Amino acid sequence: MKKGFGNETNNEGFTLVEVLIALAILLVISFALLALFANSYRNIEISGQKNKELYIIQQKLEQPINSDKTSIEKNLTISFPGVEQPIKMPGRIHREKAKIQDKEISISVFIPDQY
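Its first residue numbered 10, the sequence shown is counted upward by one per residue in this note's numbering.
Structure, rendered in structure tokens:
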């Protein structure tokens, strides 16, 4: 707001400096939000790809459960602190190796003999 002649004030609008400062602030906020949205979108894409790869691995692990494919025969033993007798469950273990986003992983599933 500019002072005119005497005590009068000029309320007609903003000065050029005020407009430029407001535009600069708006640009800084816009770039920050743009970076935030771009990063969020990238993370959503990465999560979606991980979910697809995990779904494929899950299907591979479910196939031996639904069929009698040969797997490693092994008993599952569960021990609890303070309990002398561990729990033993007969069954078999099926392992799948997979690659999720360039990382090798191994997933095992225990298939009990009695459901």
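Where a beta carbon is used, it is the ideal one built from N, C-alpha and C, also for glycine. Fair warning: this is a prediction, and the values are worked out from it, not measured in the lab.
Taking the CB atoms as reference points, tell me whether K83 and R101 lie closer together than 8 Å. yes
Distance, I34 Cα to F40 Cα: 10 Å
Taking V26 as part of the alpha helix (DSSP H), name the residues at either end of that continuous run. L25 to N75
What's the C-alpha gap between L43 and V37? 10 Å
Residue range of the beta strand (DSSP E) that K83 falls in? No beta strand (DSSP E) contains K83, which DSSP labels as neither H nor E.
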